[in-house]
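The block underneath contains the structure these notes are about, expressed in structure tokens.
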Amino acid sequence: MNYYLLMIPVVIIFFAGIRIVRPTHRGLIERLGKYHSFANQGFHWIIPLIDRLYLVNVTEQMIDAEPQEIITNDNLNASVDAQVYFRVKAEEENVKESIYNVNDYTWQIVNLARTTLRNIIGTLTLKSANSERGKINDALYKTLHDETKSWGIDIVRTELKEIDPPKDVQETMNKVVKAENEKIAAIDSATAAETVADGVKRAKIKEAEGYKRAKILHAEGEAEAIKLVNEAADKYFIGNAQMLRKLEALEASLGNNAKIVIPTGSELVNIIGDMAGLLPLERKHKSD
Numbered sequence: 001m002n003y004y005l006l007m008i009p010v011v012i013i014f015f016a017g018i019r020i021v022r023p024t025h026r027g028l029i030e031r032l033g034k035y036h037s038f039a040n041q042g043f044h045w046i047i048p049l050i051d052r053l054y055l056v057n058v059t060e061q062m063i064d065a066e067p068q069e070i071i072t073n074d075n076l077n078a079s080v081d082a083q084v085y086f087r088v089k090a091e092e093e094n095v096k097e098s099i100y101n102v103n104d105y106t107w108q109i110v111n112l113a114r115t116t117l118r119n120i121i122g123t124l125t126l127k128s129a130n131s132e133r134g135k136i137n138d139a140l141y142k143t144l145h146d147e148t149k150s151w152g153i154d155i156v157r158t159e160l161k162e163i164d165p166p167k168d169v170q171e172t173m174n175k176v177v178k179a180e181n182e183k184i185a186a187i188d189s190a191t192a193a194e195t196v197a198d199g200v201k202r203a204k205i206k207e208a209e210g211y212k213r214a215k216i217l218h219a220e221g222e223a224e225a226i227k228l229v230n231e232a233a234d235k236y237f238i239g240n241a242q243m244l245r246k247l248e249a250l251e252a253s254l255g256n257n258a259k260i261v262i263p264t265g266s267e268l269v270n271i272i273g274d275m276a277g278l279l280p281l282e283r284k285h286k287s288d
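Residue numbering for the sequence shown follows full-length UniProt numbering, starting at 1 and increasing by one per position.
What follows is the structure in structure tokens.
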């Protein structure tokens, strides 16, 4: 009976000292306030009241740097918020550093990120801060990465959530953007109208050139026809005109009652032709 009574405290102590470490965590076991051993994932047993297990999450985590008002270089207040993604490295030395080298690393990362953002954005104008988010992210990442090296932490990435100007400044910026968009739309519309006008102009020019070319070709055709007519007239009608002139002269002399002596056996037509300077007609012989 006494044996069973002695076993009960032992069983209670045994079960009280059981610790299970999940794959997402690593642990540090301290004994009487001193580091004793490293606890990987799986089953562990510690001495109750003497040993203590501290668990550390080694998965990637995200913390919000929380919105803050920052005065930019052009004396405007901007509400700035950022997110930091990090993880504690799973090796024993790194887990020890995350516990022993820094007090509450999540709180420290938040405040370091806020301070860094104030330093970076304070040197920029509001416009440049909005247009250079990539550079701000890079500078924030570099600072956090360098400052947390001794904490056993790996800064995965940083992201700016927002850089919001005051409401009145935001309304003014929206009006400026709207005016710029309207200006661009007006320029595009004018360019399109100019393009259409140029097309119509070129079409009219082409049409006029075609009409002009047709007139030129028509005039050249008429000139060529006239030339051919003149050549034909020179070739076929100059001699006949001379003959007609001689006949007119003969007609005038006959009209003045000139007397003509006709030799015996001559034909009247040939006599008249000789007088006009024309070749005599050939005499036709009658067949026997």
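By construction, the Cβ of each residue, glycine as well, lies at the ideal position given by its N, Cα and C atoms.
Only a predicted model underlies this, so the values are computations on that prediction, with no experimental measurement involved.
Asked: In whole angstroms, what is the alpha-carbon distance linking Glu147 and Leu140?; Found: 11 Å
Asked: For Ala90 and Arg19, which I take to be in contact (beta-carbon distance under 8 Å), what is that distance rounded to the nearest angstrom?; Found: Between Arg19 and Ala90 the Cβ distance is about 18 Å, and since that is not below 8 Å, they are no contact.
Asked: Rounded to whole angstroms, what is the Cα-Cα separation between Leu144 and Ser131?; Found: 22 Å
Asked: Would you check if the distance between the CB atom of Phe86 and the CB atom of Ile109 is smaller than 8 Å?; Found: yes
Asked: In the DSSP assignment, find the unbroken beta strand (DSSP E) run with Leu160 in it and report its ends.; Found: 153-164
Asked: If you measure from the CB of Arg22, is any heavy atom of the ligand MG nearer than 7 Å?; Found: With respect to the ligand MG, the structure shown offers nothing to examine, as it has no ligands at all.
Asked: Would the stretch 64-82 count as touching the stretch 151-170 if we require 3 or more Cβ pairs under 8 Å?; Found: yes
Asked: For the candidate residues Pro9, Asp198, Asp104, Thr158, whose alpha-carbon lies nearest to that of Lys135?; Found: Thr158
Asked: Check Arg133 in the structure and name its three-state DSSP category.; Found: helix
Asked: Which same chain residues end up closer than 7 Å to Asn40 when comparing Cβ atoms and leaving out the 5 residues on each side of it in sequence?; Found: Val21, Arg26
Asked: So, are the CB atoms of Gly122 and Ile71 less than 8 Å apart?; Found: yes
Asked: Roughly how far, in whole angstroms, is the beta-carbon of Lys96 from the beta-carbon of Leu28, given that I think they are within contact range, below 8 Å?; Found: 6 Å
Asked: When the Cα of Leu112 is compared with those of Asn101, Tyr100, Val84, Glu92, which residue comes out closest?; Found: Val84
Asked: Can you tell me whether Gly122 is helix, strand or coil according to DSSP?; Found: coil
Asked: Note the first and the last residue of the continuous beta strand (DSSP E) segment covering Val58.; Found: Unbroken run through Val58: none, as it is neither H nor E.
Asked: Inspect the beta-carbon positions of Leu126 and Leu76 and report whether they are closer than 8 Å.; Found: yes
Asked: Got a sec? Which residues, its chain only, sit under 7 Å from Arg283 by beta carbon, not counting five neighbours each side?; Found: Annotation note: pLDDT 49 at Arg283 (below 50); position unreliable, coordinate value reported separately. None.
Asked: Give a yes or no on whether the C-beta atoms belonging to Asn57 and Val102 are separated by under 8 Å.; Found: no
Asked: According to the neighbour-count rule (16 or more other Cβ atoms, all chains shown, within 10 Å of its Cβ), is Gly152 buried or exposed?; Found: buried
Asked: Using DSSP with H/G/I as helix, E/B as strand and the rest coil, what is Ile47?; Found: coil
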